[in-house]
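*Asks:* Below: one structure in C-alpha cells.
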Amino acid sequence: MLAGLGLLLFVLPLAGLIIQAPWNQALGELADPTTTTALGLSIFCSLTATAIALVLGIPLAMILARTRGTLRNVLRALTTLPMVLPPVVGGVALLLAFGRHGVAGSFLRQWFGIQIPFTTAAAVMAETFVAMPFLVIAVEAGLRSLDHRYEEAARSLGAGYWRVFTRVTLPLLRPAIVSGAVLCWARALGEFGATITFAGNFPGRTQTVPIAVYLALESNPDAAITLSLILLVVSVAILVGMRDRWLGAL
Amino acid sequence: MTLEAAVRVKRDAFTLDVSLSVAAGETLAVLGPNGAGKTTLLRALAGLDEMEGRVVLDGTVLEDTNARVHVPTERRRAGLVFQDHVLFPHLSVIENIAFGLRAQRRPHATAMARRWLDDAGLGDRAESMPKSLSGGQAQRVALLRALATEPKLLLLDEPLSALDVSVRAEVRRELTRQLSSFQGVRVLVTHDPLEAMALADRIVVVERGSVVQTGTPDEVTARPRSRFVADLAGVNLLRGRAHGDHVALAGNASLAALDAGSGDVFAVIHPRAVALYRSKPDGTPRNVWRGEVEGVDLQGDRVRVRVHGPVPLVAEVTRGAMQELGLSAGASVWLVVKATEVSVYPA
C-alpha cells in the first residue's frame, strides 16, 4: 500500500508530463531560437564540465584511493560535499570566492582582468562543482577494486610511472571512468541552483535548459514542457544505456 | 652474473629474514608452506615491497638500506611471473609480449614479440585476448612476456599451482625448456615439492620467515629438517635427543636406532619401513608401539596408513595387506620398526 503510494509519487508526475506534452507543437518549439540556444549552451557547458571533471577528477580519485586515515577522510568529505550540499549554497559559495570582492575573484580581476561570475565560464564552473563528485566517487571505487598486480607486472616489464598509468591503469579503469563520466554529465546537464546563483540567467550565455524551463513555465508553458521532455528522454537513455553496469553491480 | 640477497621484511607479527646466493644459469627454488613468506621475499627482490637489507644483482646494488639505495622495479631488469599469469586483459597476446619491449623502447617490438610466440608454438594465438586462452597457454604467454624483456633475474611465483593437474606436466616441460635456455638468475617460489624438485637445481626451505634448510633436491628430501619437508618427501620425521643406541622422543617414547650419537637429532623413518600387525608380534624387535588407525590414503596399489599413538607414524602397505589386516579408521594396530631402518642425523 505504502509502496504503491511511493511508486505513484514517481510515476504520476512523469505521466503528467507526457500526457500534457504539446506533441503536435513540440517540433515547432524545438525550432524556437530560445530553445535551441538553451539546448546548445546546455550541451556545451555540460560537456565542458565533464571534460574538466575528467582531467581534475581522475588524479583526485587516485589520491583518494591511495591514501588512508584521517587525511583521506577529510579529503573524501570535501570532495563529496557538493553531492549533499544544496546547489544554491554551492552557487553562493562560488560567488563569494570568485565574485568581485571574493578571495580569488579580486585577485583574478586585479592581476588578469578576469571576471568569472555571470559568464559562460561561471556556468561551466558551477556545473563542474556540483557534478565532479559523481566522477570522483566512481573512479575511486574502480581504483579500489583494481587488481594492482597489473600495474606491478607492467613495472616489472620496465614501464615507468607514466606508461603504467596511460597503458595499464587508465584502460583497466575505463568502465569506471565511463560510468562516472556519464553520471557526471547527467548531473551537469540538469544543474540549476548553483548555475543560476553564480552565473545568472543570460540567454545565450548562461541560460541553460533547466533555467530556461523554469522561466518559460510562466511565459510559454509549451516550451517548458518540451524542454522538460528532452531532459527526460536523455535521463531515460542514460538509464537504459547503463542498466547493465548498474543492475549488474547490485 | 649472480644474485646476492639478504632480505628482511617486518610485518605486524611476522618477520622474514632470508639470505640467498644464486648463480646465473642456476634455478633456485624457495620452498615452504603457505604463509612462510615466500611471496613477500619475491616481491622484495622485485622492488615492489619495502625491505631492509641488501640485494645485489650482477654487481649492481638494487637495494641497500644502509646506503639508502632503492632501484625502482621498472629499472631492476627483474622479470616477474605471477601465479595466475596477470596478463593485461585489454591487450592481445602479442601486445602483452610487446609491452615490455615497447617500455624498453626497442625497435620492431611487434616483430620480436611474434618471434617469441612462434618459437613457443603459440603463433596462432597472437591476436587472441588473454581471457580466451586456456590456463596453460596464459601461463606460457606470461613467461614469454617476462623473458622477452631479457631480464637478468627471473622471478617465478608458484608458476604451476594455479593450473589444472592435466596441463601442469605440459607447462612444466615448457618451463624447464625455457628456464634452461635463459642465461640469467632464476628464482622460483613454490609450496609444491614436485614443482621444486622438477625445476630447481637447488632448494631453500623457508618456514615462518626463516631458512630451515638449503641443498640440492636430493639432499633436502634425504635429510629433511622440518615437518613440512618430511611431509613433502613422504617420510616420517621425528625429533628427539639421542643417547647412543636410542633417541628419546616427546611423551616418554623411545626410539631404538643404530649409532644415534648424542644431542638433539632428527630421525627419519620411511613409511615402507613401518610394519603393521593386528596383534602384538613375537620376536624381539625393539621398536614396538600400539596405535590406532587415523586414516587411510589410497595411492595406486599402495596405501598410506596414518597411525595415531605414542609415536605417530605413517606406514605404507599394499592393498592386499590392508584388506588382510582390516585397516580402517579406528582399527587398533601394532607398529614395528627395525632399528636399522631408522636414520638419525644432528638437528
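Residue numbers (this note's numbering), protein chains in the order written: chain W, 1262 to 1511; chain E, 753 to 1099.
C-beta atoms are modelled at their ideal positions from N, C-alpha and C, and glycine is treated no differently.
On a predicted model such as this, the values are computed, not experimentally measured, just so you know.
#1: Taking all protein chains shown into account, do 16 or more other C-beta atoms lie within 10 angstroms of the C-beta of W/Tyr1411, making it buried, or fewer, making it exposed?
#2: What are the residues in the stretch 876-901 of chain E lying within 8 angstroms of chain W by C-beta distance?
#3: Scan the stretch 1370-1420 of chain W and note each continuous beta strand (DSSP E) run of 3 residues or more that stays entirely inside, going in chain order.
#4: Do you know offhand how far E/Leu915's Cα is from E/Glu802's?
#5: So, are the CB atoms of W/Cys1445 and W/Phe1395 less than 8 angstroms apart?
#6: Please look up how many angstroms separate the CB atoms of W/Glu1290 and W/Ala1460, rounded, as I've assumed it's under 8 angstroms.
#7: If I measure Cβ to Cβ from E/Thr1092 and keep anything under 7 angstroms in the same chain, skipping five residues before and after, which residues do I get?
#8: Which one of W/Ala1338, W/Ile1491, W/Gly1465 and W/Val1501 has the shortest CA to CA distance from W/Phe1305?
#9: Taking only the alpha-carbon atoms, compute the straight-line gap between E/Leu1001 and E/Arg897 and give it to the nearest angstrom.
#10: DSSP puts E/Val761 in a beta bridge; with which residues?
#11: Pull up the distance between the alpha-carbon of E/Asn786 and that of W/Glu1401, whole angstroms please.
#12: In the DSSP output, which residue or residues are listed as bridge partners for W/Thr1296?
#13: Taking C-beta pairs closer than 7 angstroms, name the residues in chain W that E/Gln856 reaches, listed in chain order.
#14: Restricting to runs no shorter than 4 residues, where is the alpha helix (DSSP H) found entirely within the stretch 854-915 of chain E?
#15: Using the DSSP secondary-structure output, state which residues sit across from E/Val957 in a beta bridge.
#16: Determine contact between the stretch 978-991 of chain E and the stretch 1004-1022 of chain E, defined as no fewer than three beta-carbon pairs at a distance below 8 angstroms.
#17: Tell me which residue opens and which closes the beta strand (DSSP E) that W/Val1246 is part of.
#18: In the structure shown, what three-state DSSP assignment does E/Leu843 receive?
#19: List the residues of chain E whose Cβ lies closer than 7 angstroms to the Cβ of W/Pro1432, in chain order.
#20: Restricting to Cα atoms, I'd like to know which of W/Pro1482, W/Ala1473 and W/Ala1449 is closest to W/Ser1496.
#21: Within the continuous beta strand (DSSP E) that includes W/Pro1274, where are the two ends?
#22: Could you give the first and the last residue of the continuous beta strand (DSSP E) run that contains E/Asn988?
#23: Which of helix, strand or coil does DSSP assign to E/Pro1064?
#24: Please decide whether W/Arg1329 counts as near chain E, where near means a Cβ-Cβ distance under 8 angstroms.
#25: So with CB distances below 7 angstroms, who are the chain E contacts of W/Tyr1411?
#26: Roughly how many angstroms lie between the CA atoms of E/Arg979 and E/Asp871, to the nearest whole one?
#27: Would E/Gly936 pass as an interface residue toward chain W - the criterion being a Cβ-Cβ separation below 8 angstroms?
#28: Residues of the stretch 1424-1448 of chain W in Cβ contact with chain E at a cutoff of 9 angstroms, in chain order, please.
#29: Exposed or buried, W/Asn1285, counting other C-beta atoms within 10 Å across all chains shown (16 or more means buried)?
#30: For a contact defined as C-beta to C-beta under 8 angstroms, what are the partners of W/Arg1370 on chain E?
#31: Does the pairing of the stretch 811-818 of chain E with the stretch 1380-1387 of chain W give three or more beta-carbon distances under 8 angstroms?
#32: Where do the N-terminal and C-terminal ends of the alpha helix (DSSP H) with W/Pro1436 fall, by residue?
#33: Rank E/Asp1034, E/Phe766, E/Val774 and E/Val1096 by C-alpha distance to the C-alpha of E/Ala758 and give the top, closest one.
#34: For E/Ala796, collect the residues of the same chain with a Cβ closer than 7 angstroms to its Cβ; drop the 5 residues on either side in sequence, then sort them by chain order.
#35: For E/Ala798, return the contacting residues in chain W, with the cut-off set at a CB-CB distance below 9 angstroms.
#36: Kindly say whether E/Thr825, judged by its beta-carbon, lies nearer than 8 angstroms to any beta-carbon of chain W.
*Replies:* Concretely, from the data shown:
#1: buried
#2: Arg897, Ala898 and Thr901
#3: none
#4: 30 angstroms
#5: yes
#6: At roughly 24 angstroms, the Cβ-Cβ gap does not stay under 8 angstroms, so W/Glu1290 and W/Ala1460 are not in contact.
#7: Leu1010
#8: W/Gly1465
#9: 51 angstroms
#10: E/Leu768
#11: 32 angstroms
#12: DSSP, once it has assigned bridges, lists no residue as partnering W/Thr1296.
#13: Gly1419
#14: 861-871 and 887-900
#15: E/Leu783 and E/Gln965
#16: yes
#17: No information on residue 1246 of chain W is available, as it lies outside the stretch 1262 to 1511 that chain W covers here.
#18: coil
#19: His842
#20: W/Ala1449
#21: First-last for W/Pro1274: Leu1263 to Gln1281, but that is the alpha helix (DSSP H), not the beta strand (DSSP E).
#22: Asn988 to Leu1001
#23: coil
#24: no
#25: Val838 and Phe840
#26: 42 angstroms
#27: no
#28: Arg1424, Val1425, Arg1428, Val1429, Pro1432, Leu1433 and Arg1435
#29: exposed
#30: Those do not exist, as W/Arg1370 stays about 45 angstroms from chain E at its closest Cβ, beyond 8 angstroms.
#31: no
#32: Leu1431 to Leu1450
#33: E/Val774
#34: Val759, Val761 and Met803
#35: Glu1413, Arg1416 and Ser1417
#36: yes
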